Amino acid sequence: MNKSFRDCVEHFPLSIFAMVMGVAGLGLGLRAWGEHGAPAWLGEPVLMLAWMMFFLLGMLFIFKAVRYPAETIIDLRHPVRLNYLAAISISIVLMSMVLHPHETLPAKGIFALGASFHLIVTILVVNFWMHHARFAITQVNPAWFIPAVGNVLIAIPAVAFGFTEIGWFFFSAGLLFWAMLMTIVFYRILFHEPLPTRALPTLFILIAPPAVGFIAYVELTGELDAFARILFFIALFLTILLFTRIRGQGQIPFSLAYWSYTFPLAAMSIALMEMAHLAGVRFYFWAGIALLLFVAVLVLVFLAMTVRAGFRGSFCRAEDP
Numbered sequence: 013m014n015k016s017f018r019d020c021v022e023h024f025p026l027s028i029f030a031m032v033m034g035v036a037g038l039g040l041g042l043r044a045w046g047e048h049g050a051p052a053w054l055g056e057p058v059l060m061l062a063w064m065m066f067f068l069l070g071m072l073f074i075f076k077a078v079r080y081p082a083e084t085i086i087d088l089r090h091p092v093r094l095n096y097l098a099a100i101s102i103s104i105v106l107m108s109m110v111l112h113p114h115e116t117l118p119a120k121g122i123f124a125l126g127a128s129f130h131l132i133v134t135i136l137v138v139n140f141w142m143h144h145a146r147f148a149i150t151q152v153n154p155a156w157f158i159p160a161v162g163n164v165l166i167a168i169p170a171v172a173f174g175f176t177e178i179g180w181f182f183f184s185a186g187l188l189f190w191a192m193l194m195t196i197v198f199y200r201i202l203f204h205e206p207l208p209t210r211a212l213p214t215l216f217i218l219i220a221p222p223a224v225g226f227i228a229y230v231e232l233t234g235e236l237d238a239f240a241r242i243l244f245f246i247a248l249f250l251t252i253l254l255f256t257r258i259r260g261q262g263q264i265p266f267s268l269a270y271w272s273y274t275f276p277l278a279a280m281s282i283a284l285m286e287m288a289h290l291a292g293v294r295f296y297f298w299a300g301i302a303l304l305l306f307v308a309v310l311v312l313v314f315l316a317m318t319v320r321a322g323f324r325g326s327f328c329r330a331e332d333p
């Protein structure tokens, strides 16, 4: 085996699955736009790209787990990297959503696999939290929200596939951990040393739980009630707040953390379009389209930067402890 390829496999980062989430989120956003006047096929090429990326990265992860189990175990015992294991199960669930309109039966099977895997990941993560001797508060960062995002996300396809009770189960678990972690993460940000510069893009993960939660709750209940509005406006407030901090982040050296912008903002764009439809406020629709186009630009730029970094071997070395 070529040494450079061996190094890349050995140090294959779990966080790279945020790419799949971002590209799939963009594709699903374009598909949602297609339901409101844009060409219906608009999101399909992007979703096909997400499928290819997921297949390739999934094979690399399996190869790493088989060939370098010790390195994989190190990831699963790391207080931050462990949370990115949920990015794999989320990607599987997203792939079921990609397939759903075209191949319902295979999509159901993939959904069952993704939901089951995510439940295992959630239990693994929570057990890790509960039985860890002691966490330093500086080890807490927004990546800890990723398992919670997956739980609320699962409720969306669960309803589409006829598994409403399962949807409520995951949605409730996701809200529970979102509420707990929001307090912990803000305590860490306000009263302890700032996040490392390279981790600042992960702040945008804060948008994902309420944005995805709004979409999921509306799917579960079929209506726009007070709680749905609360979820939507929490997500909108966090989006506006974080955009006021984005200006200086372009100077941060590129890393896979940059992909943290994409899925949460794609989810927010879909939430805006959904709110426009339910509330009859056209402004939300155009705000959602503008945000979606911004995400499209980010995805194109980040794809180019990721490919360039990959050729330079940036992902072929051990991650920071």
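Just so we're on the same page, the working numbering is the position in the sequence shown counted from 1, plus 12.
In this text, a Cβ means the ideal position worked out from N, Cα and C, and glycines have one as well.
Just so it is clear, the structure is predicted and the values come from calculations on it, not from any experiment.
Asked: Out of L232, I201, F147, which one is the CA nearest neighbour of V171?; Found: L232
Asked: Taking its Cβ as the centre, do 16 or more other Cβ atoms sit within 10 Å of D87, making it buried, or is it exposed?; Found: buried
Asked: Span of the alpha helix (DSSP H) holding V78?; Found: 56-79
Asked: Whose CA, out of F297, L207, V21, S267, lies closest to the CA of A321?; Found: S267
Asked: Which parts of the stretch 243-326 are runs of the alpha helix (DSSP H), unbroken and 4 residues or longer, counting only runs that do not cross its ends?; Found: 274-291, 294-323
Asked: Just to confirm my understanding: we take Y96, look at its own chain, exclude 5 residues before and 5 after, and list those with CB closer than 7 Å. What are they?; Found: L26, S27, F29, A155, I158
Asked: Do you know how far the Cα of Y229 is from the Cα of F173?; Found: 15 Å
Asked: Measuring alpha carbon to alpha carbon, tell me which residue in C20, A36, H204 is nearest V110.; Found: A36
Asked: Which residues in the same chain as G126 place their Cβ atom closer than 7 Å to its Cβ, once the five residues preceding and following it in sequence are excluded?; Found: S101, I104, V105, S108
Asked: Can you tell which of A50, V197, V58, F244 has its C-alpha closest to the C-alpha of G39?; Found: V58
Asked: Look at S326 and V307 and say whether their C-beta atoms are less than 8 Å apart.; Found: no
Asked: Whole angstroms are fine: how far does the CA of R210 sit from the CA of V319?; Found: 19 Å
Asked: So what's G37 in DSSP terms, helix, strand or just coil?; Found: helix
Asked: Closest to G34 by CA distance: which of A62, I242, W45, P51 is it?; Found: A62
Asked: Below 8 Å, how does it come out for the stretch 270-281 and the stretch 219-228: are there three or more Cβ pairs, yes or no?; Found: yes
Asked: Comparing C-alpha positions only, which one of A302, V309, H289 sits nearest to H48?; Found: H289
Asked: From N11 to A185, what distance separates their C-alpha atoms?; Found: Nothing can be reported for residue 11, as the shown portion of the chain is limited to 13 through 333.
Asked: With a threshold of 7 Å, establish whether the CB of T256 neighbours any heavy atom of the ligand GTP.; Found: In the structure on display, the ligand GTP does not appear, and there are no ligands present to speak of.
Asked: What is the DSSP secondary structure of H112, reduced to helix, strand or coil?; Found: coil
Asked: Taking the CB atoms as reference points, tell me whether A160 and W141 lie closer together than 8 Å.; Found: no
Asked: Counting along the chain, where does the alpha helix (DSSP H) carrying L188 start and finish?; Found: 176-203
Asked: I need the DSSP call for G126, collapsed to helix, strand or coil.; Found: helix
Asked: Please name the residue, chosen from P91, L207, F245, that lies closest to N139 on a Cα-to-Cα basis.; Found: P91
Asked: Could you check how far apart the C-beta atoms of G179 and I196 are, in whole angstroms? I think they sit under 8 Å.; Found: About 26 Å; that fails the 8 Å criterion.
Asked: Label T150 either buried or exposed according to how many other C-beta atoms from any shown protein chain fall within 10 Å of its C-beta, with 16 as the threshold for buried.; Found: exposed
Asked: From which residue to which residue does the alpha helix (DSSP H) around N163 run?; Found: 158-172
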